[in-house]
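*Asks:* Here's a structure for you.
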Amino acid sequence: LAQMVNQAKTENQVNEDHLAKLVQLVKKAFVQNIVLMMVAFSLKMVLFVDCHRLLLSLTDNFDEIYHSIIYFSLMLLINE
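All residue numbers in the sequence shown are consecutive under our numbering, ending with 118.
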């Protein structure tokens with residue numbers, strides 16, 4: 039029983055590590071996108087409304103899972 043508990047703990051830790059890495063990647067990608075949008079906006083190449091529309095069209099075309107991950111990562115960014 040103790041061995042099963044330890045194995046479950048190990049598997050749980052591995053899953054948490056994978057999730058943490060995924061969240062870090064998504065957060066990094068979003069920060070880069072936000073920076074790019076800010077640069078584009080400051081250069082007056084595109085209006086912020088167009089950036090917002092682009093972001094919405096991207097999320098619309100993603101699978102539900104990706105949409106959930108993006109929403110989750112945005113919540114993390116907002117809460118930091």
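Note that the Cβ used here is the ideal one computed from N, Cα and C, for glycine as well.
#1: Mind reading off the beta-carbon distance from V61 to S111? Whole number of angstroms is fine, and I expect it under 8 Å.
#2: Looking at L115: is its Cβ nearer than 8 Å to the Cβ of K65?
#3: Three-state secondary structure (DSSP) at L63?
#4: Return the CA-CA distance between I72 and Y109, expressed in angstroms with no decimal places.
*Replies:* Quick look at the numbers:
#1: 6 Å
#2: Between L115 and K65, the C-beta gap is smaller than 8 Å, which places the two residues in contact.
#3: helix
#4: 15 Å
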